[in-house]
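Visitor:
4 protein chains.
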Amino acid sequence: MIGLDKVGFIEKAKPICGPNDAICRPLAISPCTSDIHTVWEHALGDRHNLILGHEACAEVVEVGSMVKDFKPGDKVIIPAITPDWQAVESQAGFSMHSNGMLNGWKFSNVKDGVFAEFFHVNEADGNLAHLPKEINVENAVMLSDMVPTGFHGANLAEVEYGDIVVVIGIGPVGLMAVAGAVLRGASRVFAVGSRQICQDVAKFYGATDIINYRDGDIVAQVKEAMGGKPVDKVIIAGGDNDTFAQAVNMIKPGGIISNVNYLGSGEFINIPRVGWGLGMGHIRIVGGLMPGGRKNMEFLARLMKYGRLDVSPMLTHKFNKFEDLESALLLMKNKPKDLIKPVVNLS
Amino acid sequence: MIGLDKVGFIEKAKPICGPNDAICRPLAISPCTSDIHTVWEHALGDRHNLILGHEACAEVVEVGSMVKDFKPGDKVIIPAITPDWQAVESQAGFSMHSNGMLNGWKFSNVKDGVFAEFFHVNEADGNLAHLPKEINVENAVMLSDMVPTGFHGANLAEVEYGDIVVVIGIGPVGLMAVAGAVLRGASRVFAVGSRQICQDVAKFYGATDIINYRDGDIVAQVKEAMGGKPVDKVIIAGGDNDTFAQAVNMIKPGGIISNVNYLGSGEFINIPRVGWGLGMGHIRIVGGLMPGGRKNMEFLARLMKYGRLDVSPMLTHKFNKFEDLESALLLMKNKPKDLIKPVVNLS
Amino acid sequence: MIGLDKVGFIEKAKPICGPNDAICRPLAISPCTSDIHTVWEHALGDRHNLILGHEACAEVVEVGSMVKDFKPGDKVIIPAITPDWQAVESQAGFSMHSNGMLNGWKFSNVKDGVFAEFFHVNEADGNLAHLPKEINVENAVMLSDMVPTGFHGANLAEVEYGDIVVVIGIGPVGLMAVAGAVLRGASRVFAVGSRQICQDVAKFYGATDIINYRDGDIVAQVKEAMGGKPVDKVIIAGGDNDTFAQAVNMIKPGGIISNVNYLGSGEFINIPRVGWGLGMGHIRIVGGLMPGGRKNMEFLARLMKYGRLDVSPMLTHKFNKFEDLESALLLMKNKPKDLIKPVVNLS
Amino acid sequence: MIGLDKVGFIEKAKPICGPNDAICRPLAISPCTSDIHTVWEHALGDRHNLILGHEACAEVVEVGSMVKDFKPGDKVIIPAITPDWQAVESQAGFSMHSNGMLNGWKFSNVKDGVFAEFFHVNEADGNLAHLPKEINVENAVMLSDMVPTGFHGANLAEVEYGDIVVVIGIGPVGLMAVAGAVLRGASRVFAVGSRQICQDVAKFYGATDIINYRDGDIVAQVKEAMGGKPVDKVIIAGGDNDTFAQAVNMIKPGGIISNVNYLGSGEFINIPRVGWGLGMGHIRIVGGLMPGGRKNMEFLARLMKYGRLDVSPMLTHKFNKFEDLESALLLMKNKPKDLIKPVVNLS
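Same order as they appear, the protein sequences are chains A, B, C and D. Quick note: the first sequence uses my numbering, first residue 1, plus one each step. Quick note: the second sequence uses my numbering, first residue 348, plus one each step. Quick note: the third sequence uses my numbering, first residue 695, plus one each step. Quick note: the fourth sequence uses my numbering, first residue 1042, plus one each step.
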């Protein structure tokens, strides 16, 4: 990112490695919708010569003196969120907000991102994870953000055996929310989205019902399919501030609405008073940034290693040169019909 | 309640006792702000000849054939919420929504209330609790609604050792939320309210800081007292739909906002997008009707029996004739300076 | 059960239907190892003319005056555990212990069981569940005990995404624990058992590693496969009191050992002090009877309805006459090589 | 500790401060029963010239280059447990087992303790907490181990409003478990111990019933006081391996037994099969080392700062010279009648 609305390659000094840190070289990278927000929707304000990117699989090239578990040459998974682990917030279970709200998000936000020859990882022992040999570098990139964010949606929704779950938005994060809900025991899963390829892949991940918002009000469609009964949980992985009102109006008392969608504009999220039980309906509303860090990467990687999760149907566009990155980024901006997620393999 | 805006005494047939039920005679009763909402703010719509009241301590006069644990002559605590215990919602932990949202609330809503010579209790074994001899009937009335609602606020907020808690609204429910927060381990407790007597009693229950909204924006006042740092939990026991935005703007990432205030008007509750971390701040918002039933009554009564909770400072106005009930009700409507809660002792 | 070690068919009066109850006619039934314990291992002491059986799918033939949601002719799922829903224990979330430890277990324990022309169900609205038309009566019988008990093991173990889980014992309950662990997000799953057919079906349900205790110490085998590292969770669905020590010696600090195996003899379960971290290792040990009731049946049935769980590989032996019941029971006693579970279809 | 059974003062080099660490000078220190175990019961094996002590309040004298929140001259609370915060176990919520079971315990275990002119603290930003000016250094020493261990017992037991709790053992940790149970909402609290001073202080912290094991079987005594009913929770802060069987035999189905007592000898903890419901009673058994670290210290310190907890009744013996430390240590060994806890004030 050279400036607002402008991207290109630049030369920068190689980052410096502190005693707890690592310097890595990307093996595979993928642009994310957030990168698009940053450049073309100005989500982070005016930035100059900021290196983009927070999704990567990498090789360690240097480690600090205090790093014990990683060494140059190790192949590693890179989480998009790399918390400060000593922070009080991390100790309280909210590492993504270490030392301030959302402050676990470092790449392409408070420092340069991973779309570079070399990038810096803070607290390497706590934020890198060894890449199991059973997982190829392209699939591994999905562990940076898509898998943990979608699965965090299912975790925040506390999906239980037999729950009927609605996932609103089935881009790559929503697709992983579908997969995550099924892997926590959801029974019926409504996937709300309009693009054909996303609907097909949602079914691959276990969606039982597809709801297209172009066919009318999604609350009415879900209610009709449910014979008028409410659903148990709603995971929001797309839409906008008004999506919450739809969620409230389709969920049961005691249900949970979990949001993993970045809300880019608008002053308020509006919660309908009557649907919310006059404040008395025990409909819980929560939204949160994915947890990063090593433990989360290791546990999610095991799902891929042991065949519980196959991310390959999401990788619709593959490139293999660093120079292709700009094309990959523009794909995410222009969203052609057949796109879910592009990946650039540099290994 | 004879009709909207009109109250008086009427003659009605004694209620009929089903096989699982009990008929009770009140020993002490208390009007609640909800009764005022029902009559003068038309919260439940137009009702005719509905007996009001859901706060009582009573004596059993008749039990159904299936009732095992209670018999005529037993003195009992009456919870305001008397769920259908076989319902799927009750089995899922949300008995207050048994067979439909808020449907655990029967008294003076789907059937006659407790301001009568005799009243009906559904599922007596599950909804009555024996009154310990250490608790007098006046104090016991506070177990119907004030104690369980306030304490539910603290439970929903998952108050932990050392938490800094703000309680917004310090009528009797808010005062019990203060007491409940302290009894779950809160350290600093901000009590937000303007009436002198409520402030004094809030301090009795452990409030460390009083915030008066007449002195300016409560967010600014709390932030100043906190040196700019956010608080851990907010319990809403008063205010209106806009109170939620205040709560969001003073709480930490990972904090919980719990509401036990009946929201009587307005279309939406507005959640500020930025304060809510762009949907990513893990600020949980939940509101819920108190849980009723026998277990909850027994456990809360023990707090009074063993001296952990003294509700008597809330009972500012005492009456002792059934005829005084109308005066007590009008007290709640007119809220004189020295009122927290009136009680009518019929024993 | 005519007496200890003696079974046969007897004539008894049709059970009487109380106001909250239902009388049902079995459509399919299955004997359980517990029935064997009762008759041949004298687990419940000396009983005479007790009708056995607690696994059935049925048709309602009569309902009490207070029953609202079921009527004669309805096809229903019967949970082995049918709690008293008004009990304080049920309100506290432990309905299986309603009115006393294990007292939610009524069939063939405190009253006659389901191996009869007609049987009695207490609190029908809370304990029956409508049978979805997508589930046949044979598969539905697995919802009485095998599915909820195995899945309860996974719930008690709080299996999370990526957890490495050991299931000790892979009879039908253990197989359902394997399936339940996978459906809560387990990655690697060790299944411990010796019979070939059970090993094969364990793999069908997602076991990644088979451990045969005939091949040596199971702790050593698991540790070797794990490269010396501990596992995250252990579910005990077989073995005896000594199995707990094995579990402690293979699990991580912070891990959970959950037991769903009925412990029939021995005075003590021995927890190794050192392996348990000198009392400081945060290894949680818990064991519990399955939760019964309608809600649990409805949610688990949805897993079968929406294709998340297929119980048919467990039904190795099928019969279709009431008279075959004795043969089915003896199969469970003699456990031939190819047996997992017999079922008698009476529809 | 010079060797087994032998203590004295020795000269050692000042510890070296790594980039994340701090060097501190004690302002107040207190010996703990664990120190007695280490020296005279050989709990950690043969050690030579190991500096004892893990309870201290201190002043920072040096910090590493990466430390942000502390500087020389700061007065700080020192937790007995100082985890490695980047470890996978810490990320999973079990920081006391960071990089191995019990490995968050560093002082006087894997490195020298705090009974020295200077001592070393790993990961200072994550393991120190600023001392509020409202707390004096003597009381602050109780935050190192006594308060967090006792309160952890109450947390592990998940004490809820109205719970009836038994605390077995009322040395300083047990007394803090009593205080912690009351501050989580316990109603009736049984304190089991024989020493008069401990009984008196237990009542100060809210114990309602004192049980003296010298007066007979504690299970029988508790049951008699309870009219035969079981209690809700048991916290073990004393006794030995056999204490668990007593706890199982007095607790309800669904109850929790939490242990914070270091179990120094014996091969097994014996859990009675029948009392444990044949493995089916949902009686949860868990024991764990206290959580250390900054967040825990800050939150517990607030309880003292805002007047919820007064530890001064436990400080029965006060000294004020470094040389007095040996006397204080021998007090803990000999346990005179009037001792609860000695403290040496060096400020």
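Just so you know, even glycine gets a beta-carbon here, dropped at the ideal spot from N, CA and C.
Output, in chain order, the set of chain A residues within a Cβ distance shorter than 9 Å of F646(B).
Guide: Chain A residues near F646(B): none, gap ~19 Å exceeds 9 Å.
Visitor: Using a Cβ-Cβ cut-off of less than 7 Å, list which residues of the segment 588 to 608 of chain B approach chain A; keep chain order.
Guide: From the segment 588 to 608 of chain B, only N588, P600, G601, N606 and N608 have a Cβ closer than 7 Å to chain A.
Visitor: Pull up the DSSP beta-bridge partners for W40(A), would you.
Guide: Paired residues: none, contrary to the question.
Visitor: Around the C-beta of D792(C), are 16 or more other C-beta atoms found within 10 angstroms, so that it is buried, or is it exposed?
Guide: First, the amino acid is wrong: residue 792(C) is Ser here, not Asp. With 16 or more Cβ atoms within 10 Å of its Cβ, S792(C) is classed as buried.
Visitor: Could you check which residue in V1182(D), G1105(D) and I1310(D) has the C-alpha nearest to that of A1165(D)?
Guide: Out of V1182(D), G1105(D) and I1310(D), G1105(D) has the C-alpha closest to the C-alpha of A1165(D).
Visitor: Just the chain B side, please: which residues come within less than 9 Å of E267(A) by C-beta, in chain order?
Guide: By Cβ distance, chain B contributes N617, P619, R620 and V621.
Visitor: Have a look at V468(B), I398(B), V525(B) and I428(B) and flag the residue whose alpha-carbon is nearest the alpha-carbon of L656(B).
Guide: Here the closest residue by C-alpha is V525(B).
Visitor: I'd like to know whether the C-beta atoms of G500(B) and N606(B) end up nearer to each other than 9 Å.
Guide: Cβ distance < 9 Å, so G500(B) and N606(B) count as in contact.
Visitor: Go through its chain and collect everything with a Cβ distance to W734(C)'s Cβ below 7 Å, but skip five positions before and after it.
Guide: Same-chain partners within the cutoff: D699 and K1027.
Visitor: Are the CB atoms of R996(C) and R188(A) nearer to each other than 9 Å?
Guide: Taking 9 Å as the Cβ cut-off, R996(C) and R188(A) qualify as a contacting pair.
Visitor: Could you tell me the distance, in whole angstroms, from the CA atom of G1316(D) to the CA atom of G1322(D)?
Guide: Rounded to the nearest angstrom, the two C-alpha atoms are 8 Å apart.
Visitor: Excluding sequence positions up to five away, which residues of its chain have a Cβ less than 7 Å from the Cβ of K1109(D)?
Guide: Excluding positions up to five away in sequence, the list reads D1166.
Visitor: Does the Cβ of P1030(C) have 16 or more other Cβ atoms within 10 Å, making it buried, or fewer, making it exposed?
Guide: P1030(C) comes out exposed.
Visitor: Check whether the segment 895 to 904 of chain C touches the segment 944 to 963 of chain C, counting contact only when three or more Cβ pairs, one atom from each stretch, lie closer than 8 Å.
Guide: No, the segment 895 to 904 of chain C is not in contact with the segment 944 to 963 of chain C.
Visitor: So the candidates are D1153(D), A1278(D), F1160(D) and P1332(D); which of them puts its Cα closest to the Cα of G1134(D)?
Guide: Taking only the C-alpha atoms, the option nearest G1134(D) is P1332(D).
Visitor: Determine the extent of the beta strand (DSSP E) in which H1358(D) is found, giving its start and end residues.
Guide: Its beta strand (DSSP E) spans residues L1356 to F1360.
Visitor: Can you name, in chain order, every residue of its own chain whose Cβ lies under 6 Å from the Cβ of A186(A), other than the five neighbours on each side?
Guide: Counting only Cβ-Cβ distances below 6 Å, and skipping sequence neighbours, we find V159, D163 and V165.
Visitor: Report yes if the C-beta distance between S659(B) and E481(B) is below 9 Å; otherwise report no.
Guide: Against a cut-off of 9 Å, the Cβ pair of E481(B) and S659(B) comes out as no contact.
Visitor: Since N127(A) contacts T82(A) with CB under 8 Å, what's their CB separation in whole angstroms?
Guide: Yes, N127(A) and T82(A) are in contact; Cβ-Cβ is about 4 Å, under 8 Å.
Visitor: Sorted by chain position, which residues of the same chain lie with C-beta nearer than 7 Å to L1372(D)'s C-beta, five sequence neighbours on each side aside?
Guide: Closer than 7 Å at Cβ, skipping near neighbours: H1358, L1380 and P1383.
Visitor: When you compare each of V1162(D), H1171(D), D1076(D) and I1238(D) to G1114(D) by their alpha carbons, which one comes out closest?
Guide: Nearest option by C-alpha distance: H1171(D).
Visitor: Under 7 Å Cβ to Cβ from D215(A), same chain only, skipping five residues before and after it: list those, please.
Guide: Q221.
Visitor: Can you say whether I363(B) is buried or exposed, counting buried as having 16 or more other CB atoms within 10 angstroms of its CB?
Guide: The residue is exposed, with fewer than 16 neighbouring Cβ atoms inside 10 Å.
Visitor: Just tell me which of M870(C), G958(C), I979(C) and I704(C) has its CA closest to the CA of S838(C).
Guide: Selected option, being the one with the closest Cα: M870(C).
Visitor: Please classify H1171(D): does DSSP put it in a helix, a strand, or coil?
Guide: H1171(D): strand per DSSP, three-state reduction.
Visitor: F962(C) and R1314(D) - do their beta-carbons sit closer together than 9 Å?
Guide: Contact: yes.
Visitor: Kindly identify the DSSP beta-bridge partner or partners of A403(B).
Guide: I376(B) and I425(B).
Visitor: Please name the residues in the segment 399 to 415 of chain B whose beta-carbon is closer than 7 Å to at least one beta-carbon of chain C, in chain order.
Guide: So the close ones are M413.
Visitor: Under a CB-based cut-off of 9 Å, is I515(B) close to chain A?
Guide: So, not an interface residue.
Visitor: Show which residues of chain C have a CB atom less than 7 Å away from the CB atom of L156(A).
Guide: The premise fails here: L156(A) is roughly 13 Å from chain C at the closest Cβ pair, so nothing lies under 7 Å.
Visitor: Strictly below 9 Å CB to CB, what residues from chain C border T208(A)?
Guide: Going along chain C in sequence order, the residues near T208(A) (Cβ under 9 Å) are Y1000 and G1001.
Visitor: Among S1021(C), L1009(C), G865(C) and T937(C), which has the Cα closest to the Cα of Q890(C)?
Guide: Among S1021(C), L1009(C), G865(C) and T937(C), the Cα nearest to that of Q890(C) is on G865(C).
Visitor: Count the other C-beta atoms from every protein chain shown that fall within 10 angstroms of the C-beta of V1151(D), then say buried if there are 16 or more, exposed otherwise.
Guide: So V1151(D) ends up on the exposed side.
Visitor: Output needed for F1285(D): all residues of its chain with C-beta closer than 8 Å, excluding positions within five of it in sequence on either side, in chain order.
Guide: I1277, I1298, N1300, I1310, N1311, I1312 and I1326.
Visitor: Would E470(B) pass as an interface residue toward chain C - the criterion being a Cβ-Cβ separation below 9 Å?
Guide: Closer than 9 Å: yes.
Visitor: Could you please tell me which residues of the segment 443 to 468 of chain B, in chain order, have their CB closer than 7 Å to any CB of chain A?
Guide: Of all residues in the segment 443 to 468 of chain B, H444, M448 and L449 have a Cβ within less than 7 Å of some Cβ in chain A.
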